[in-house]
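Residue numbers for the sequence shown follow this note's numbering, beginning at 844 and rising by one.
A short write-up of the structure that comes next.
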Amino acid sequence: MERQEELMREILFAPSLLGADPLNISGSIDSLGNNFDWLHLDIMDGHFVRNLSFGPAFSQALRKKYPDSFIDAHLMTNNLETVLPLFIESGASSITVHAETEPHLLHAVISTIRNAGIKAGIALCPPTSVRQIESILDIADLVLVMSVTPGFGGQKFIESSLEKVRELASIREVHKYNYKIEIDGGINENNIVRVVLAGCDVIVMGSAVFREVNPASWLADLRVKIKEALKVDRT
Ligand code: DX5
Ligand code: ZN
């Protein structure tokens, strides 16, 4: 039993602060108890997506208030020349950029993030295929599969995203790559097990977690459900 637990894949919960109470974000974070792993921070610029959200000052404030937290910054922005240095300086633990933003510069951008000692991620919008980033998967720490159109929380999960997750998991196995697979958009208690069994390691959840009266116990219950499902999957 203990041995089995040891061998079990680590699944990380990354609540998205976009789903938190905008007038009491620290209250929302505290409501998670210790039952989360990363804080997912969605950065939107009104150009790459049709919405605006947090800036680097917010990331800095998070780092100051929660010094030990893992801040998972998801940049849904154009203009990386300006935006990226601001987030590198902001205390983020990982920075994920979209493959669609500046595809010809992606290799350099990922290298810049890693050279700053920060985990580097590549995000794919629903219509973007894995093939488009295959040549740089060897240097990615994280690949984020968007399972909704980026820009807003509370949307419906796009089922075909699971195919992309399976493809990424299989490429990783064949080439012995190290990236984690993260999924973002429309995850809830009804689809999370399928998402984990498809190969996801990091699960972003916004509206589903923060609409709960007791997010901490909801997350704890989900953790148990996932452990059970992984055990069955191994037998
Ligand atoms: C969408 C964001 C997501 C979003 C997830 O552009 O990247 O992180 O907050 O929220 P839910 O879980 O509500 O789909
Ligand atoms: Zn996100």
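The beta carbon of each residue, even a glycine, is placed where N, CA and C say it ideally should be.
Could you tell me which uninterrupted alpha helix (DSSP H) segments, each at least 4 residues in length, are contained entirely in the region 876–915, listed from first to last along the chain? Runs of the alpha helix (DSSP H) inside the region 876–915: 899–908.
Give the straight-line distance between the Cα atoms of threonine 944 and threonine 1078, rounded to the nearest whole angstrom. If I take the Cα positions, the gap works out to 42 Å.
Distance check for proline 858 and methionine 887, CA to CA, integer angstroms please. 17 Å
Please name the residue, chosen from Gly996, Val1045, Val1052, that lies closest to arginine 852 on a Cα-to-Cα basis. Val1045
Is it right to say leucine 866 is buried, meaning 16 or more other beta carbons lie within 10 angstroms of its own, or is it exposed? exposed
By the DSSP assignment, the alpha helix (DSSP H) with valine 1075 in it spans what residues? 1058–1077
Which residues DSSP lists as bridging valine 940, in chain order: Leu918, Ile965
So is the beta-carbon of valine 991 under 7 Å away from any non-hydrogen atom of the ligand ZN? no
Report all residues for which the CB-ligand distance to some heavy atom of the ligand ZN is below 5 Å; order them along the chain. Asp885, His917, Asp1027
Per DSSP, leucine 985 is paired with what? According to DSSP, leucine 985 bridges with Gly964, Lys1023.
Touch test, the region 945–955 against the region 987–999, Cβ-Cβ under 8 Å, three pairs minimum: no
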